[in-house]
Amino acid sequence: MNKLDELFRGKAKSVYATDDADKLILFFRDDTSAFDGKKIEQLSRKGMVNNKFNAFIMQKLEEAGINTHFDSLLSEQESVVKHLEMFPIECVVRNITAGSICRRLGIEEGKDINPPTFEFFLKDDSLGDPMINEFHIQSFGWAEAEHVEKMKQLTFAVNDVLKALFLEGGMLLVDYKLEFGLFKGEVVLGDEFTPDGCRLWDKETRKKLDKDRFRQGLGGVIEAYEEVGHRIGVKFED
Ligand code: ADP
Ligand code: UDP
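Each residue of the sequence shown is one higher than the one before, counting from 10 in the numbering used here.
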């Protein structure tokens with residue numbers, strides 16, 4: 010398989026075509042962004058850490074029967090994935106209050122959410138990724154009803170698998186964002202699962218071990234990502 014042109018340069022990853030129309034290469038750069046791209050920095054080792062972290066999680070999800078786009082690790086910062094037709098939608102599940110739900114609903118951080126709640130956002134940085142609902146998705150044709158159902162079902166299935174995985178490592182999965190796409194008519198989990206797109210707290214101290222360290226200028230961002238990885242068994246060294 011040969012790497013061809015860059016098709017898309019996102020905020021943290023670059024997407025390359027390959028000579029197999031069904032496959033893409035995701036290149037995890039060292040770039041880190043927050044606030045819809047308004048805060049951007051380069052963090053050394055970040056691309057490698059997130060590439061290997063994501064590969065580990067995607068394989069755990071596959072083992073649990075969840076269809077993902079992950080094919081194989083190609084290099085320190087690259088993975089081969091299925092070429093999906095992405096929905097312009099972000100699916101968020103929350104187990105504990107943090108981030109935008111606190112601001113929107115005036116709830117303090119750190120409250121358990123029972124049952125865990127689900128939110129859709131439109132993937133559009135220029136609009137600040139606004140919250141949307143299922144009626145919007147239908148009316149504006151962003152996804153078909155059966156695909157929306159599947160995305161909800163898979164996003165909650167991911168919660169069951171990963172809450173348990175992180176808890177074994179002494180961490181709480183506070184919330185996370187997933188993106189899905191279609192591959193030969195099937196809804197498949199795409200993009201990435203890394204501490205860039207979720208919140209993880211130490212169970213005892215509630216120390217933040219995710220991208221909030223970058224958003225809030227707490228420092229030790231990549232060290233925290235590596236600590237999370239080590240606690241769940243990710244191997245960063247060859
Ligand atoms: P952003 O788009 O938020 O800046 P990234 O820098 O992570 O994010 O860019 C990666 C892009 O690749 C995103 O737009 C994502 O939707 C897209 N993508 C992720 N996985 C796949 C896939 N398997 N097939 C097609 N596109 C994908
Ligand atoms: N998230 C993400 N990309 C986005 C928006 C949110 O990965 O464009 C993740 C975020 O890291 C968190 C969860 O989705 O784990 C919920 O984010 P929230 O709505 O609280 O927004 P935030 O306050 O993080 O901007």
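Even glycine gets a Cβ: it sits at the ideal position worked out from N, Cα and C.
Grab the span of the alpha helix (DSSP H) containing residue i for me, first residue to last.
i    : result
T164 : 154-177
M67  : 55-72
R224 : 221-224
R112 : 109-114
G238 : 230-241
F144 : 143-148
Determine whether the beta carbon atoms of residue i and residue j lie at a separation below 8 Å.
i    : j    : result
P204 : V183 : no
K186 : G206 : yes
V58  : F202 : no
M140 : E128 : yes
F144 : D138 : no
K55  : F192 : no
K132 : I110 : no
K48  : R38  : no
A43  : R224 : yes
G150 : I241 : no
G218 : L209 : Reading off the sequence, residue 218 comes out as Leu, not Gly. Cβ atoms of L218 and L209: closer than 8 Å.
F65  : V230 : no
Can you tell me whether residue i sits near ligand 2, meaning its C-beta is under 7 Å from at least one heavy atom of the ligand?
i    : result
E99  : yes
S109 : yes
R208 : yes
Y234 : no
K186 : yes
K220 : yes
D205 : yes
D138 : yes
Which stretch, first to last residue, makes up the beta strand (DSSP E) that contains residue i?
i    : result
A4   : No answer is possible for residue 4: the residues shown for the chain start at 10 and end at 247.
I105 : 98-105
V197 : 195-198
S84  : 79-84
R208 : 207-211
S88  : 87-91
D28  : Taken as a continuous stretch (DSSP letters only), D28 belongs to no beta strand (DSSP E), as it is neither H nor E.
S42  : 40-43
M180 : 180-187
Since residue i and residue j are thought to touch, with beta carbons under 8 Å apart, how far apart are those beta carbons, to the nearest angstrom?
i    : j    : result
L70  : V196 : Contact doesn't hold; Cβ gap of about 14 Å is too wide.
N104 : K212 : With 8 Å as the limit, N104 and K212 do not qualify as a contact, their Cβ atoms being about 12 Å apart.
L16  : A26  : 5 Å
Next item on the list: Go through the residues and name those whose CB comes closer than 6 Å to any heavy atom of ligand 1, in chain order.
Entry: F17, G19, K20, A21, K22, V24, L33, H78, V90, K91, H92, L93, M95, E188, G190, G199, D200
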